[in-house]
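K.L.:
The listed protein sequences correspond, in order, to chains E and U. Its first residue numbered 6, the first sequence is counted upward by one per residue in my numbering. Its first residue numbered 6, the second sequence is counted upward by one per residue in my numbering. Cβ atoms here follow ideal geometry from the backbone N, Cα and C, with glycine treated the same way. Here the structure is a predicted model, which means the values were calculated and not measured.
Number of protein chains: 2
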Amino acid sequence: MSSCIHHCPSHHYQVRLPHRAGAGSLGPPRPAAASFALPSCLRRAARARAMSAEAPPGVAPAEPGPSATAAVLSEMVEDAAVWCAVHGLVVGDRDNPRSGTVPGVGLVHAPFSLLPARLPTSVWKQALELAPIFNELVDRVSLDGEFLQEALSRTKQVDDFTARLLEIHQKMMAVNKKEDIRLGLHRSDYMLDSETNSLLQIELNTISISFPGLGSLVSELHRNLLIQYGKVLGLDSERIPRNWAASQFADALARAWSEYNNDRDGRIVSVVYFRAGYAPNDYPSEAEWRARLLMEQSSAIKCPSISYHLVGTKKIQQELAKPNVLERFLDNKEDIAKLRKSFAGLWSLDNEEIVKSAIEKPELFVLKPQREGGGNNIYGHDLRDTLVKLQKEQGESLAAYILMQRIFPKASLTPLVRGGVCFEDLTISELGIFGGYLRNKDRVIMNNPCGYLMRTKVSSSNEGGVATGFAVLDSVYLTDEVAEFQLTTDY
Amino acid sequence: MSSCIHHCPSHHYQVRLPHRAGAGSLGPPRPAAASFALPSCLRRAARARAMSAEAPPGVAPAEPGPSATAAVLSEMVEDAAVWCAVHGLVVGDRDNPRSGTVPGVGLVHAPFSLLPARLPTSVWKQALELAPIFNELVDRVSLDGEFLQEALSRTKQVDDFTARLLEIHQKMMAVNKKEDIRLGLHRSDYMLDSETNSLLQIELNTISISFPGLGSLVSELHRNLLIQYGKVLGLDSERIPRNWAASQFADALARAWSEYNNDRDGRIVSVVYFRAGYAPNDYPSEAEWRARLLMEQSSAIKCPSISYHLVGTKKIQQELAKPNVLERFLDNKEDIAKLRKSFAGLWSLDNEEIVKSAIEKPELFVLKPQREGGGNNIYGHDLRDTLVKLQKEQGESLAAYILMQRIFPKASLTPLVRGGVCFEDLTISELGIFGGYLRNKDRVIMNNPCGYLMRTKVSSSNEGGVATGFAVLDSVYLTDEVAEFQLTTDY
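1. Quick check on proline 246 (chain U) - is its C-beta less than 8 Å from some C-beta in chain E?
2. Let me know the beta strand (DSSP E) ranges lying completely inside the segment 377 to 463 of chain E, each 3 residues or longer, listed in chain order.
3. Between histidine 114 (chain U) and the ligand MN, is the CB less than 7 Å from at least one heavy atom?
4. Please compile the residues from chain E whose C-beta is within a distance smaller than 7 Å of the C-beta of glycine 424 (chain U).
5. Across which residues does DSSP place isoleucine 306 (chain E) in a beta bridge pair?
6. Return the residue from the list E:Ile212, E:Ala122, E:Ala86 that minimises the CA-CA distance to lysine 307 (chain E).
7. Rounded to a whole number of angstroms, what is the C-alpha to C-alpha distance between isoleucine 433 (chain E) and aspartate 165 (chain E)?
8. Give the single residue among E:Gln131, E:Asn140, E:Ser127 whose Cα lies nearest to the Cα of leucine 443 (chain E).
9. Leaving aside the five residues before and after phenylalanine 117 (chain E) along the sequence, list all residues of the same chain whose C-beta is less than 6 Å from its C-beta, in chain order.
10. Taking only the alpha-carbon atoms, compute the straight-line gap between phenylalanine 439 (chain E) and glycine 97 (chain U) and give it to the nearest angstrom.
11. Please list, in chain order, all residues of the same chain as methionine 300 (chain E) whose beta carbon is under 8 Å from its beta carbon, the five residues on each side excluded.
12. Determine, using beta carbons only, whether glutamate 80 (chain U) comes closer than 8 Å to chain E.
13. Please compile the residues from chain E whose C-beta is within a distance smaller than 7 Å of the C-beta of alanine 86 (chain U).
14. Report the rounded CA-to-CA distance for valine 481 (chain U) versus alanine 416 (chain U), giving the unit in angstroms.
15. Whose C-alpha, out of U:Ala284, U:Glu358, U:Ser347, is nearest the C-alpha of aspartate 198 (chain U)?
16. Indicate whether at least one CB of chain E lies closer than 8 Å to the CB of glutamate 83 (chain U).
17. Counting along the chain, where does the beta strand (DSSP E) carrying threonine 167 (chain E) start and finish?
18. Would you list the residues sitting across from tryptophan 294 (chain E) in a DSSP beta bridge?
19. Report back the beta-carbon spacing between threonine 484 (chain E) and leucine 231 (chain E) to the nearest angstrom; my notes put them in contact at under 8 Å.
20. Measuring only between beta-carbons, confirm whether cysteine 89 (chain E) sits less than 8 Å from chain U.
21. Note down, in chain order, each residue of its chain lying with its Cβ closer than 7 Å to the Cβ of alanine 132 (chain E), except the 5 sequence neighbours on either side.
22. Could one say the Cβ of histidine 114 (chain U) lies closer than 8 Å to chain E's Cβ atoms, at least one of them?
23. So, is the C-beta of glycine 93 (chain U) closer than 8 Å to a C-beta in chain E?
24. So which of U:Gln302, U:Glu151, U:Gly425, U:Glu429 has the shortest CA-CA distance to methionine 177 (chain U)?
25. To the nearest angstrom, report how far apart isoleucine 311 (chain E) and alanine 76 (chain U) are at their CA atoms.
26. Whole-angstrom Cβ separation of valine 146 (chain E) and phenylalanine 334 (chain E), contact assumed at under 8 Å?
27. Which residue or residues does DSSP assign as beta-bridge partners of methionine 196 (chain U)?
28. To which residues of the same chain is glutamate 293 (chain E) closer than 7 Å at the C-beta, ignoring the five residues directly before and after it?
29. For aspartate 498 (chain U), which three-state DSSP category applies?
30. Exposed or buried, what is alanine 284 (chain E) when buried is set at 16 or more other beta-carbons lying within 10 Å of its beta-carbon?
31. Anyone know if the C-beta pair for isoleucine 207 (chain E) and arginine 192 (chain E) falls short of 8 Å?
32. Considering just the uninterrupted stretch of the beta strand (DSSP E) at threonine 126 (chain U), what are its terminal residues?
33. I believe serine 221 (chain E) touches alanine 250 (chain E) by the beta-carbon criterion, under 8 Å. Please report the beta-carbon distance rounded to the nearest angstrom.
34. Reducing DSSP to helix, strand and coil, say where serine 353 (chain U) ends up.
35. Taking the alpha-carbon positions, what's the leucine 157 (chain U) to leucine 135 (chain U) distance?
Right under this line is the structure:
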């Protein structure tokens, strides 16, 4: 790891900090009213500092000496945890049995990275640029009912859930149902692949997008920390992009409501927002399916419509990555090139050559079940075993999965705060860009990025959303490290 | 209690709600994702409704029927608890052992009243009017060092803590220390006495004023609840006065800082804010006393100065209530009349006649120790026993207490929410008006009320701050019930 300390674009500051000060041993932590264990990262930081080639040899630190740095970071942890408590950056504490059952009790600060993740400005701009193009793509694909039905025809043989969704979609096609006003609240997730030096899309979410609220808050947390401590840390709070995800999504919903009511009078439901409905568990009985159908049949704006929902499936992601498919939906060649550049390798299990490669080198692939919801991806030995088993069965069950190129983001040592305690671990980061899209017939009312979500995950875990305990909330610190990514222009 | 339902000025809405709807039995609670026990208050409400003389007999409810009302209130509890979680209206959960030790963990919504407390607009205006007068009084009294030393001379014989404060004050007098810039952040607490129909001051706090932050938030909570549910409840969110206590106090501190730096250059401490220092426990060793002295000797603006601190003692409150004492400090006769009208009976234990009365009728008095910090007041039998014991001793220990007229606020049934659960209890309310004062020599820069804090306490408890578990945070709902209080004009 040490060779990556200065160059990996996603790394955090804990490993940079020491280089700003001279060598020296770490003093004892300041005695605080609230007793914090001294983060082990600070001790490691001191060691890294002692080894740093950047620290001018023999020169005493001009600003924060070792113990000052330790004290500052310890103070930051405390300030940050308090900030979370008084600004609603909280989640339910799994250790509290009432949490999640009774609102307002058993709260704990959301797990967060103490400092924002470094990201080259060029990559940031690239990700923002992609948001309206993906928004438009979703809309165009949603209009091609035949494509959706055809692309998912094999998936539905093996996946009852997708089959039910397709059934509703089919009914809408049968009555030629048109959605004049279409609202999309999406999030496209990316990682920076160290092998190809490129920003690669992990997935595109089109239903029940999580974290616009907490994501906005953690950016504010980091800004506030850097406003207070930026000088001593040598960091500029202005390099954290503003994040209005929550209010921009709310604005999109309000504009949809307003657009709908411009044309109609009376007290009817104008916008249906799906906070659930993306997983089989959300439909415990036929009643929920009837409700879903009823909503789809109504004239209300659905966020998402059944079509938008289906466009977000992994199978469609994989279909769109095939040669010449984007061209069916988009006209602008530059846009198409930008999208394609962000696509990782995606294959169906019909592709025998790729399946063979994956069995040989499972470490280069991820096997993804067609359905939504984190925590189900298959890696390594399990991937190999599953593929071998599926090959033997030779049935339709192959259609329940897609294979994806495994992305290798560089890992960095990051101070993470969970349960009020700071600890350091090797992490990788995943950048989500929220996108809002609203159109009424031919008039596009909104099509833009709507803030972002950085999730930083302990790199030893193959996968994991923040909610499953493997990751922390994070934000972005823009850097000028452009050179490395200009290499990827011709990719 | 039932006779008080329509008239007591401090009562809450739970007992009014039913009168808006027709008679009928209460339906089952709506099944909610989060399981809330149906507040017992709702069942009682239904009974009260059935008995109500105001409900037009035989007329079906025009708006929310009984079960609708139950569902609405149950929904309100849930919404309110969630609002608290995401807006920082949280406190440490005493059931969590890490809470209070590690910031950001073991959080729970602050206990609150589900609906704001009714208060006649006339009383509200009276309380606001008093704020700048009390601010000015504190300032004037603080300048009369001899008065403070003299008034507290006997107290210091029996109270080491006051003696130490007076010692510092004496040292400042000896060197003729002047505080050109004086900053006061105060809170004057009142109750509405049902015996005299008047607003009576409980105490005036001049150091480490609590709850400007949570107080502001609970007003916002109630406003938001009424914006959402006001129509169905027949309540108007605009009747909750805006509460900017936290930002107004912050503004006062910033203006003090700015005022100080107008005259000086360089990096020195300009404002010292005391978040502690008001209780003996805050001075575990001589080091803290040396620090207090050092700060007092410095040219920094102290909030509060030692003089302001001493003016807030109960003994000074009692001295100021003596005839002709206010006239020593204030010129404006109307101001003096307004202050005096808000004074409850206050006596030193030198007053043998009053001590005799208190032993005979202890229920009409409160015995207050001289020192700060809730939970130490003595009532009833204990008051009698203590007075008898003190009389026998006949020493200086009499000076450690003052006697105060016991105030009898009307009690009302109020829905309280604690730990996510709503329950109903008989409560009384105490109104605190924050006041901010800043002057530089002859120039008064700020002198105004700075928001408010309503604390609603279970009336069976004689005393108790919110933090001690006997009370909930509350806000104000202004009513037009003026008549009752016009009676008190000549009091």
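P.N.:
Reading from the atomic positions:
1. Chain E contact via Cβ: absent.
2. 406 to 410, 417 to 423, 426 to 445, 448 to 463
3. This structure lacks the ligand MN, and indeed carries no ligand of any kind.
4. Val110
5. Listed as beta-bridge partners of isoleucine 306 (chain E) by DSSP are E:Val276.
6. E:Ile212
7. 34 Å
8. For the set E:Gln131, E:Asn140, E:Ser127, the Cα lying nearest the Cα of leucine 443 (chain E) is the one of E:Asn140.
9. Val223, Val422, Val477, Leu478
10. 34 Å
11. Val277, Lys307
12. no
13. Pro108, Gly109
14. 16 Å
15. Distance check between aspartate 198 (chain U) and each of U:Ala284, U:Glu358, U:Ser347 places U:Ser347 closest, using alpha-carbon atoms only.
16. yes
17. Careful: threonine 167 (chain E) lies outside any beta strand (DSSP E), inside the alpha helix (DSSP H) at 165 to 179.
18. Looking at the DSSP assignment, tryptophan 294 (chain E) forms no beta bridge with any residue, so it has no partner.
19. Incorrect: roughly 14 Å between the Cβ atoms, too far for contact.
20. yes
21. Tyr195, Leu204, Leu436, Ile438
22. yes
23. yes
24. U:Gln302
25. 32 Å
26. 6 Å
27. U:Leu205
28. Leaving aside the five residues that flank glutamate 293 (chain E) on each side, the residues in its chain whose CB is nearer than 7 Å to its CB run, in chain order, Asp287.
29. Any property of residue 498 (chain U) remains undetermined from this structure, which presents chain U solely from 6 to 496.
30. exposed
31. No, these two residues do not count as a Cβ contact at 8 Å.
32. Unbroken run through threonine 126 (chain U) is the alpha helix (DSSP H), 126 to 147; no beta strand (DSSP E).
33. Confirmed, Cβ separation roughly 5 Å.
34. Residue state, collapsed to three classes: strand.
35. Each residue's Cα considered, the two are about 25 Å apart.
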